[in-house]
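Asker:
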Amino acid sequence: MQAAYLAVIYLFCLGLYCVVTEKNLIKIAMGFVIMEAGVLLFLVCLASFPDGVPPIVLEGVTSSSMVDPIPHALSLTAIVIGAGTTGYMLSLIIRLYRQAGTVRIDRMGRTEQ
Amino acid sequence: MTHLPILVIIVPLVYAFLVPLLDLVSSRLRTSAAAAVAVTHLVFSIALFIHVFQNGTLEYQLGGWDSEVGIILYIDGLAATFAVMIALGTALVAWYSLDFVREGESKYFLLLYIASAGLSGAVLTGDLFNLYVFIEIIALSGFALVAFRRGFRALMAAMRYMIFTILSSMLILLAIAFVYATMGTLNLGEIAASMHQFDPTVLKVSAGMFLVGVALKLAIVPLHGWLPATYGESSTPVGALLAGVGHKVPLYILIRFLYFFEAAAGEQRLATILLGIGAVTIAFGHFMALGQPDIRRVLGFSSIAHTGYMLVGLGIGTPFALVAVLFHAMNHLIVKLSAFFSVGMLTRGDRERATVLDLQGRGAASPFAGMAFLVSTLALIGIPPLGAFASKWALIMAAIRADHIGFALLMIAGTVVAAVYYGRIGKTLYISTDDLKPDRSWTAEGVLYGSAAVVCAVAFSFALFPAANRILDELMVFII
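Residue numbers (my numbering), protein chains in the order written: chain A, 40 to 152; chain B, 118 to 597.
1) Report yes or no: do three or more beta-carbon pairs, one from the region 415–425 of chain B and one from the region 388–401 of chain B, lie closer than 8 Å?
2) According to the Cβ coordinates, are Gly197(B) and Ser162(B) closer than 9 Å?
3) Are the C-beta of Lys554(B) and some C-beta of chain A separated by less than 9 Å?
4) If you drop the 5 nearest sequence neighbours on each side, which residues of the same chain put their C-beta closer than 7 Å to that of Ala381(B)?
5) Do we get a CB-CB distance below 9 Å when we pair Glu134(A) with the residues of chain B?
6) Which same chain residues end up closer than 7 Å to Phe418(B) when comparing Cβ atoms and leaving out the 5 residues on each side of it in sequence?
7) Within a Cβ cutoff of 6 Å, which residues of the same chain sit near Ala505(B), ignoring the five residues on either side of it in sequence?
8) Considering just the uninterrupted stretch of the alpha helix (DSSP H) at Gln409(B), what are its terminal residues?
9) Tell me the DSSP secondary structure of Leu175(B) in three-state form.
10) Taking the straight line between their C-alpha atoms, what separation do you get for Val186(B) and Asp244(B)?
11) Mind checking if Ala117(A) is an interface residue toward chain B, Cβ cutoff 9 Å exclusive?
12) Tell me which residues share the same chain as Ala117(A) and place their Cβ nearer than 8 Å to its Cβ, disregarding the 5 neighbours each side in the sequence.
13) Going by DSSP, what residue range makes up the alpha helix (DSSP H) through Leu512(B)?
14) Would you call Leu541(B) buried or exposed, if buried means 16 or more other Cβ atoms sit within 10 Å of its Cβ?
15) Under 9 Å between the Cβ atoms of Ser233(B) and Ala204(B)?
16) When we look at the beta-carbon of Cys52(A) and count the other beta-carbons within 10 Å, is it buried (16 or more) or exposed?
17) Which residue from Val296(B), Ile188(B), Phe269(B), Pro317(B) puts its Cα closest to that of Tyr136(A)?
18) From the DSSP output, in three-state form, read off Asn266(B) for me.
19) Give the single residue among Val319(B), Gln314(B), Tyr225(B), Tyr177(B) whose Cα lies nearest to the Cα of Gly259(B).
20) Take Asp90(A) as the anchor and find which of Val96(A), Ser103(A), Leu97(A) has the nearest alpha-carbon.
21) The region 226–259 of chain B: which residues have C-beta closer than 9 Å to a C-beta of chain A, in chain order?
22) Examine chain B for any beta-carbon lying closer than 9 Å to the beta-carbon of Tyr127(A), and answer yes or no.
23) Rounded to whole angstroms, what is the Cα-Cα separation between Tyr547(B) and Val460(B)?
24) Taking 9 Å as the threshold (C-beta atoms), are Thr532(B) and Lys509(B) in contact?
25) In the DSSP assignment, find the beta strand (DSSP E) that holds Tyr191(B) and state where it starts and stops.
26) Who does Arg373(B) pair with in a DSSP beta bridge?
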């Protein structure tokens with residue numbers, strides 16, 4: 040369990056570092072996806088515990104052995120939103136690339152003149 | 118149980134999804150429906166406000182599930198007031214857009230009304246995760262709107278806006294996950310009630326991430342990098358939507374955070390940070406606006422400065438300062454919309470670029486738009502008897518009463534700087550180099566008349582009628 044939380048920190052910080060330092064738009068998009076993976080992993084970790092069962096009411100299953108379903112619902116929503124955002128971001132990068140001929144943000148400024 | 122809260126959110130949402138169908142029937146139907154829906158949205162918001170005003174705080178359970186399992190909308194005076202402000206702003210933007218959108222561009226209305234639903238939802242929700250969802254709805258439609266029918270530079274601006282906004286969303290999502298991990302609930306009311314039972318360190322970490330996320334959206338210096346380009350490059354109604362209406366949602370979240378959770382009470386360091394950052398934001402915004410050639414960027418930097426005023430007000434933290442902040446937010450909404458609309462009217466038919474030089478002599482060519490622009494810039498500077506003067510005055514008084522003389526002086530200095538850069542634009546507006554033909558279109562002109570009339574009415578009513586002041590006092594007592 041500890042290792043999972045370390046992975047959360049690592050993924051989030053790696054993504055953040057990538058977004059802040061990279062000039063390549065594709066890599067920035069990747070950075071966001073990595074950050075998001077970190078947050079999603081965090082949400083999933085919150086819910087899970089050893090020997091937890093899916094939160095479905097069946098005979099012989101007590102509610103105390105069920106994992107918390109809310110973080111799962113949250114991460115599903117976050118995945119959907121993330122997919123939409125990433126899709127739009129990539130389409131924007133494609134349009135920028137068609138006009139500027141580069142995906143590097145520091146070279147785009149020069150091509151526009 | 119009244120269903121007004123959910124109606125305020127779904128009316129624009131339903132229209133947004135009907136747009137492609139309506140467009141198949143006829144584009145005139147789509148356009149007139151857009152106008153009607155904007156008005157309906159406003160009417161529902163006002164009805165909600167009146168309902169909350171009469172019956173007190175409203176908790177609306179979605180689908181009838183109670184708050185333990187279901188999702189709730191939580192509408193108190195603050196939320197209802199912001200809902201009306203947002204509905205009014207989006208309605209004005211929608212009416213202005215009727216004329217702006219061409220044949221075959223129905224997706225503009227789709228995006229605008231999805232944004233409108235998101236903006237309303239973000240202030241009405243009583244659930245932290247739904248707040249995140251609504252913020253994302255606003256952001257996604259915002260990215261697309263910024264890039265709508267504009268060139269390469271607008272694409273760049275949209276990209277930059279997107280990077281800042283997704284970063285802020287990630288921080289807010291992580292903060293929400295932290296809150297859920299600690300407290301096991303996402304209901305704002307329950308969080309506020311049980312806050313003191315939990316480990317303050319974890320709460321401080323999540324509050325910090327949450328506040329940085331909100332600060333990114335509010336474009337507080339030094340996290341303002343996206344704002345000037347986004348306002349400057351997007352088309353007129355989109356710039357107006359972002360500057361006037363979109364700016365109010367993070368402000369609402371900040372006020373809600375500070376006062377609903379009483380995080381500011383007894384937390385002197387947070388107040389000091391707000392005051393400091395507010396002062397830097399005021400100075401930076403006004404200073405940067407001085408050298409800008411593009412008028413929309415000037416308006417953008419002035420937005421940054423005005424955000425600074427509101428931050429200082431929040432940092433002072435007395436009830437009177439909060440009243441002043443809310444009053445200033447209302448004035449800022451109306452005046453910014455009016456300023457953007459009049460710039461759009463003055464530069465109509467051009468490449469829609471609005472540098473100061475482009476405006477040369479335009480004031481004489483379209484006198485009404487010129488007047489509207491002058492009135493709105495005077496209001497932005499804070500000249501009596503315009504409404505924004507009253508709210509700026511209130512902010513300065515609040516600073517003086519709380520013994521923050523330095524901040525009061527800074528705000529006054531900011532006003533002088535604003536007078537310099539708006540005066541420069543105003544002068545250019547009426548110096549003609551060649552003959553320009555007036556250019557008219559009835560809807561846009563109508564909206565312009567409307568918004569300028571509202572500016573003037575608000576302005577003069579507070580100056581001339583003490584009764585209006587009394588109503589305002591009563592409203593403010595109710596909101597807080």
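No residue lacks a Cβ here, since even glycine has one placed at the ideal position from N, Cα and C.
Answerer: Checking against the coordinates, here is how it stands:
1) yes
2) The amino acid at residue 197(B) is misidentified as Gly; the sequence shows Ala. Yes. Within cutoff.
3) Bear in mind that a pLDDT of 48 at Lys554(B), under 50, signals an unreliable position, so the number given afterwards is only what the model happens to contain. No, its Cβ sits nowhere closer than 9 Å to a Cβ of chain A.
4) For Ala381(B), the predicted model reports a pLDDT of 45, less than 50, meaning its position is unreliable; a value from the coordinates is still stated below. Cβ within range, chain order: Leu375, Leu387, Ala388, Gly434.
5) Looking at the sequence itself, residue 134(A) is Arg, so the reference to Glu does not match. So, interface residue.
6) Pro345, Gly402, Met405, Ala406, Gln409
7) Asn448, Val452, Ala496, Gly499
8) Element bounds for Gln409(B): n/a, residue is neither H nor E.
9) strand
10) 12 Å
11) yes
12) Glu75, Val78, Leu79, Leu82
13) 504–518
14) Position check: residue 541(B) holds Arg in this sequence, whereas Leu was assumed. By the 10 Å Cβ count, Arg541(B) comes out exposed.
15) yes
16) exposed
17) Phe269(B)
18) Residue identity differs from the one stated: residue 266(B) is Arg in this sequence, not Asn. Three-state result, Arg266(B): coil.
19) Tyr225(B)
20) Ser103(A)
21) Phe246, Tyr249, Val250, Glu253, Ile254, Ala256, Leu257
22) yes
23) 14 Å
24) yes
25) 189–192
26) DSSP, once it has assigned bridges, lists no residue as partnering Arg373(B).
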